[in-house]
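Colleague: Next up is a structure, given as structure tokens.
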Amino acid sequence: MTSHSSRGTFRACKRKYHWSYIKGLQQDRKPKALRMGSAWSDGLEHGRQAIEDYYRELMMNPKTPEWDLKDASQELAILLALYDTYPFPRDEAREVGFRHIGPNYEDRGQLDGLELEIIGDDTGLQAQQVAIIENKLYARFGNQEIEKLEYDEQVTSYVAAVVDNDIEGYEFNVTANDVKVKYRVTLKPGLRQKVNESDKDYTARCVADILARPDHYHREVPTSRDEVELQDFRERRDKHVMDLMYETEMGVWERSPSNCFDYGQCPFLKICRTPNLDKVPEGYTEREARS
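Quick note: the sequence shown uses the numbering used here, first residue 2, plus one each step.
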């Protein structure tokens, strides 16, 4: 079984795929951006209390470093303010699963949400239109980020799932032209902490700014995919999965040093030179291997 995440990890670095998806290792410490993204996703899916529960668990975890505990209360206050000002219907932000059966593989994923609309004309004919909801939490959002959304392959896989009738619990009769994508983008505060400003006062200033101008922090960006893009994606997906299956059978997990510092630092950098560990290294937890 594969997913967009597993295929992306494999393409970026086969050794990283080995650590994460074959060995099932995860770092005990989550970077700030990943913590906030996970808590935000939980909140939109399950409600405001889920954000509080996420940080309560983080603060009670004995493995959480002291510097993360210092940041946690600030992150929680900011996310709750963003949640309280979120202007879009939350009942649409419910994850929907999909399952694609390919040649000798199964691909799975989760959409943040779906909007369905039946459009009729004067003749009584009806057509379906589908909007895919995708929530994003950014530190900044400019032209470069907008351009990236146009080429976001994860969302391309969602559009393909709708058109190919891979969405679990739904049956569609649509083409790529009938499927829209609504990115619901939320910004983290970009205010700088002033000299001699306490963490508490800085947090209060960020929260006040969110509440005072919610339109700055939340926006919707529409986009779409065409059939040519979908077919190109389908062919790439099949090829990537075949490559992944072959490499898994061979058991040779090559490193990709050029990607070690993409998006910060690879969480497996410290252990990457010893691929055949006989025990779980310090600072990591072994979970069930995933796809």
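By construction, the Cβ of each residue, glycine as well, lies at the ideal position given by its N, Cα and C atoms.
Remember, it's a predicted structure, so these values are computed and weren't measured experimentally.
Buried or exposed for residue 143, going by 16 or more other Cβ atoms inside 10 Å?
Modeller: As a working note, residue 143 is residue 142 in the sequence shown. Residue 143 is exposed by the Cβ-count criterion.
Colleague: For the structure I just gave you, are there three or more beta carbon pairs, one from the region 167–183 and one from the region 191–207, closer than 8 angstroms?
Modeller: no
Colleague: Could you compute how far the alpha carbon of residue 227 sits from the alpha carbon of residue 38?
Modeller: What you label residue 227 is simply residue 226 of the sequence shown in a count that begins at 1. What you label residue 38 is simply residue 37 of the sequence shown in a count that begins at 1. Rounded to whole angstroms, residue 227 to residue 38 spans 29 angstroms at the Cα level.
Colleague: Please classify residue 192: does DSSP put it in a helix, a strand, or coil?
Modeller: Start at 1 with the first residue of the sequence shown, and residue 192 comes out as number 191. Residue state, collapsed to three classes: coil.
Colleague: I'd like the list of long-range same chain contacts for residue 156, defined as Cβ closer than 6 angstroms, with 5 residues on each side in sequence excluded.
Modeller: The residue you call residue 156 lines up with position 155 of the sequence shown. Cβ within range, chain order: 135, 182.
Colleague: So, for residue 11: in the same chain, excluding its five sequence neighbours on each side, which residues have a beta-carbon less than 6 angstroms away from its beta-carbon?
Modeller: The residue given as residue 11 occupies position 10 in the sequence shown. 18, 245, listed in sequence order.
Colleague: Pick helix, strand or coil for residue 118, following the three-state DSSP scheme.
Modeller: Position 117 of the sequence shown, counted from the first residue, corresponds to residue 118. DSSP places residue 118 in strand when its eight states are reduced to three.
Colleague: Measure the C-alpha to C-alpha separation of residue 204 and residue 54 and round it to an integer number of angstroms.
Modeller: As a working mapping, residue 204 is identified with position 203 in the sequence shown. As a working mapping, residue 54 is identified with position 53 in the sequence shown. If I take the Cα positions, the gap works out to 20 angstroms.
Colleague: Please say whether residue 5 and residue 154 have beta carbons closer to each other than 8 angstroms?
Modeller: In the sequence shown, residue 154 corresponds to position 153, counting from 1. In the sequence shown, residue 5 corresponds to position 4, counting from 1. Yes, the Cβ-Cβ distance between residue 154 and residue 5 is below 8 angstroms.
Colleague: Count the other CB atoms, across all protein chains shown, that sit within 10 Å of the CB of residue 170; report buried if there are 16 or more and exposed otherwise.
Modeller: Here the question's residue 170 lines up with position 169 in the sequence shown. So residue 170 counts as exposed.
Colleague: Let me know the secondary structure DSSP gives residue 275 once reduced to three states.
Modeller: Within the sequence shown, residue 275 is the residue found at index 274, counting from 1. In the structure shown, residue 275 sits in coil (DSSP, three-state: anything other than H, G, I, E or B).
Colleague: With DSSP run on the structure shown, which of helix, strand or coil describes residue 126?
Modeller: The residue you call residue 126 lines up with position 125 of the sequence shown. Model confidence at residue 126 stands at a pLDDT of 46, short of 50, so the residue's coordinates are unreliable and nothing is read from them.
Colleague: Looking at the unbroken beta strand (DSSP E) that takes in residue 287, where does it start and where does it end?
Modeller: In the sequence shown, residue 287 corresponds to position 286, counting from 1. Start and end: 285–287.
Colleague: Span of the alpha helix (DSSP H) holding residue 156?
Modeller: Locating residue 156 in the sequence shown gives position 155, where the first residue counts as 1. The continuous alpha helix (DSSP H) containing residue 156 extends over residues 154–164.
Colleague: Closer than 8 angstroms is the cut-off here; do at least three beta carbon pairs connect the region 87–104 with the region 159–176?
Modeller: yes
Colleague: In angstroms, rounded to a whole number, what distance separates the CA positions of residue 127 and residue 118?
Modeller: On the sequence shown, position 126 is the one that residue 127 refers to. On the sequence shown, position 117 is the one that residue 118 refers to. Low confidence applies to residue 127: its pLDDT is 48, below 50, so where it sits in the model is not reliable, and the reading given next is rough at best. Taking the straight line from one Cα to the other gives about 10 angstroms.
Colleague: Closest by CA to residue 225, which one among 242, 56, 164?
Modeller: Counting from 1 along the sequence shown, the entry for residue 225 is found at position 224. Looking at the Cα atoms, 164 is the closest of the given residues.
Colleague: Would a C-beta distance cut-off of 8 angstroms place residue 30 and residue 273 closer than the cut-off?
Modeller: In the sequence shown, residue 30 corresponds to position 29, counting from 1. In the sequence shown, residue 273 corresponds to position 272, counting from 1. Not closer than 8 angstroms, so no.
Colleague: Taking just the CA atoms, how far does residue 198 sit from residue 268?
Modeller: For this step, residue 268 is matched to residue 267 along the sequence shown. For this step, residue 198 is matched to residue 197 along the sequence shown. Their backbone Cα atoms lie some 32 angstroms apart in a straight line.
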